[in-house]
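Read the structure below first, then the notes.
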Amino acid sequence: MRIKLNVFFILFLFASYFIGWLQQSLILFFSVVLHELGHVLAAKKLKIEVYEVELLPYGGVARMEELSKFGGAAEAVVSVAGPATSLVLVLLCNFLREFSGLFESAFRYNLIICVFNLLPVIPLDGGRIARNLMVFFMGYRQATRILILAGRAAAFFLMGYNIYMLTMGSKSAALIIAGIFIYIGTLKEEKFSSYYYMFTGNSTKGMLIARGRIRKRFIRVREDTRIRFAVSRFSPVTLCYVQVMDASGEIIRILSEDEVMKGFLKYGYDGRIEQIINI
Numbered sequence: 286m287r288i289k290l291n292v293f294f295i296l297f298l299f300a301s302y303f304i305g306w307l308q309q310s311l312i313l314f315f316s317v318v319l320h321e322l323g324h325v326l327a328a329k330k331l332k333i334e335v336y337e338v339e340l341l342p343y344g345g346v347a348r349m350e351e352l353s354k355f356g357g358a359a360e361a362v363v364s365v366a367g368p369a370t371s372l373v374l375v376l377l378c379n380f381l382r383e384f385s386g387l388f389e390s391a392f393r394y395n396l397i398i399c400v401f402n403l404l405p406v407i408p409l410d411g412g413r414i415a416r417n418l419m420v421f422f423m424g425y426r427q428a429t430r431i432l433i434l435a436g437r438a439a440a441f442f443l444m445g446y447n448i449y450m451l452t453m454g455s456k457s458a459a460l461i462i463a464g465i466f467i468y469i470g471t472l473k474e475e476k477f478s479s480y481y482y483m484f485t486g487n488s489t490k491g492m493l494i495a496r497g498r499i500r501k502r503f504i505r506v507r508e509d510t511r512i513r514f515a516v517s518r519f520s521p522v523t524l525c526y527v528q529v530m531d532a533s534g535e536i537i538r539i540l541s542e543d544e545v546m547k548g549f550l551k552y553g554y555d556g557r558i559e560q561i562i563n564i
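So the mapping is simple: the numbering used here equals the position in the sequence shown, first residue as 1, plus 285.
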């Protein structure tokens, strides 16, 4: 693992020094770095490779192997580790803040970081934790889509609220920056989720099946249902079976995930379930 200094981080420190915000900026920065360190230590414990930690003006970003391919439990553990670290710092600073204003600031910043990151929206830690609970009841892409929409709603709310506060005399644009960060994160996650199941779903399932830890789920569709509807409801942590019904509602065929995915690859995005049955 290597440490990378972003050029904007260096400029940020110089700017903070000249406007008298250096002390508060450093407290916020180290609070976010420790939050990221929590993710890194959890990933190392699970033998997930961490490539680098880049130091940015607002803290740090840990770049590691894609968590989702290690299964929901690993992603959830690594996602929880960051807010858990911030919570420990909140409790520690709560005891120490009566001795110094520095600990008062650290208490406040870590509390904000902890609560903010637990919001159930993509791309925050809370969104990844929520998704790993939701995939037991719906497909990975469906859960991701819901959390992406929630993330965009949160982003626009934060930016709109900050703009309103600026008109009321506030001089902080922190929520606008946070909103932009969340919105960009939703774009990246949306692109990734389109390919996630195709590339990692089967390998993750194979590992869970081998360990005897897979849960079965049944999806009911009609013969004329588009194949993409069934695929969008597949999940890496459940083994889905597609029950095909005729016009009267009787189940005439049960398709495995493998059969549906082969049909998806053969007939494409707009293919129908009846085409798989007639193969």
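Beta carbons: idealized from backbone N, C-alpha and C, even for Gly.
Per DSSP, the bridge partner or partners of residue i
| i | result |
| --- | --- |
| PHE503 | TYR526 |
| LEU540 | VAL527 |
Contacts around residue i, its chain only, beta-carbon distance under 6 Å, and the 5 residues preceding and following it disregarded
| i | result |
| --- | --- |
| VAL362 | ALA327 |
| VAL325 | VAL335, ALA347 |
| PHE514 | none |
Exposed unless 16 or more other CB atoms sit within 10 angstroms - verdict on residue i
| i | result |
| --- | --- |
| GLU337 | exposed |
| PHE503 | exposed |
| ALA438 | exposed |
| ARG287 | exposed |
| VAL406 | buried |
Residues of its chain near residue i, where Cβ-Cβ distance is below 8 Å and the 5 sequence neighbours each way are ignored
| i | result |
| --- | --- |
| ASN402 | HIS320, GLY367, PRO368, SER371, LEU409, ASP410, GLY411 |
| LEU460 | LEU443, MET444, TYR446, ASN447, MET450 |
| ARG413 | LEU352, GLU360, ALA361, SER364, ILE407 |
C-alpha gap between residue i and residue j, whole angstroms
| i | j | result |
| --- | --- | --- |
| TYR468 | CYS378 | 31 Å |
| PHE442 | ILE465 | 11 Å |
| PHE388 | ARG382 | 4 Å |
| MET566 | ASN447 | In the structure displayed, the chain extends from 286 to 564; residue 566 sits before or after that span and is not available. |
| ASN578 | ARG426 | With the chain covering only 286 through 564, there is no way to say anything about residue 578. |
| ALA532 | ARG507 | 7 Å |
| SER385 | ALA391 | 10 Å |
| GLY556 | PHE549 | 7 Å |
Sequence-distant residues of the same chain with beta carbon closer than 7 Å to residue i, five excluded per side
| i | result |
| --- | --- |
| ALA358 | none |
| GLY445 | none |
| MET419 | ALA428 |
| GLU474 | ILE407, PRO408, THR429, ILE433 |
Minimum Cβ-Cβ distance from residue i to chain D less than 8 Å
| i | result |
| --- | --- |
| SER455 | Absent here is chain D; the protein component of the structure consists of one chain. |
Mind listing, in chain order, the continuous alpha helix (DSSP H) runs of no fewer than 4 residues lying wholly within the stretch 307-384? 307-330, 357-381
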